[in-house]
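Reading through the structure tokens given below for one structure.
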Amino acid sequence: MKDLSKLSIGIASDHAGYLLKEDLKTLLKPLVYELKDFGTNSESSCDYPDFAHPLASAINAGEFDFGIAICGTANGMSMTCNKYPNVRAALCWKDEIAKLARQHNDANIIGLPARFISEAEAEHFLETFLTTDFEGGRHEARVTKISKVIK
Ligand code: RB5
Numbered sequence: 483m484k485d486l487s488k489l490s491i492g493i494a495s496d497h498a499g500y501l502l503k504e505d506l507k508t509l510l511k512p513l514v515y516e517l518k519d520f521g522t523n524s525e526s527s528c529d530y531p532d533f534a535h536p537l538a539s540a541i542n543a544g545e546f547d548f549g550i551a552i553c554g555t556a557n558g559m560s561m562t563c564n565k566y567p568n569v570r571a572a573l574c575w576k577d578e579i580a581k582l583a584r585q586h587n588d589a590n591i592i593g594l595p596a597r598f599i600s601e602a603e604a605e606h607f608l609e610t611f612l613t614t615d616f617e618g619g620r621h622e623a624r625v626t627k628i629s630k631v632i633k
């Protein structure tokens, strides 16, 4: 893996993503500068917004470089995270999507669907996500337009 030692990362899941969250924490802990776990803390049934909001709020405030949001489908987590204007959460279920989420969308949260991908796939998508740069250029204006809500 490329050098991740300067990165600060927040991670959150619901019960469906708990085991994958723990696996990714074990992988990342020795590699990154900071890793904060926003819960959940067991496989007991819980509500994904209770864990997505604190993570997304911290990313929105610029407290971490990247976030990792995990639930069964990654839909609920991504939907909740994307309520925040400075958050761009991307649901990643293929390596190429993780790469393009960074290159084209400057995504700052990776959404991982724990019930539909293996641990090995999740680790691979995460590595791609964390080590791929935003391309800027023509994508800059498009990304800026994302948070311009028409009332
Ligand atoms: C939990 O059963 C499931 O609904 C949740 O993990 C997630 O997939 C929601 O979007």
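Using the numbering used here, read the sequence shown as starting at 483 and increasing by one per residue.
Built from N, CA and C at the ideal position, the CB exists for glycine as well.
Small disclaimer: the values here were computed from a predicted structure and weren't measured.
DSSP-derived helix/strand/coil call for residue i
i: CYS574; result: coil
i: ILE541; result: helix
i: ALA589; result: coil
i: PRO567; result: coil
N- and C-terminal bounds of the alpha helix (DSSP H) containing residue i
i: GLU504; result: 500 to 510
Whole-Å CB distance - residue i paired with residue j, under 8 Å assumed
i: MET559; j: ALA543; result: 18 Å between Cβ atoms; not a contact.
i: SER490; j: GLU516; result: 4 Å
i: ASP615; j: ARG584; result: 7 Å
Cβ pair residue i, residue j closer than 8 Å
i: ALA589; j: ALA572; result: yes
i: GLY499; j: LYS518; result: no
i: TRP575; j: ILE599; result: yes
i: SER495; j: ILE541; result: no
i: ALA580; j: THR555; result: no
Terminal residues of the beta strand (DSSP E) in which residue i lies
i: LYS518; result: 516 to 519
i: GLY549; result: 548 to 553
i: GLY558; result: Taken as a continuous stretch (DSSP letters only), GLY558 belongs to no beta strand (DSSP E), being part of the alpha helix (DSSP H) at 557 to 563.
i: ALA494; result: 490 to 495
**OP:** Say whether the segment 561 to 578 touches the segment 509 to 519, bearing in mind that this needs 3 or more beta-carbon pairs closer than 8 Å, one atom from each stretch.
**Re:** Cβ pair count under 8 Å is below three, so no.
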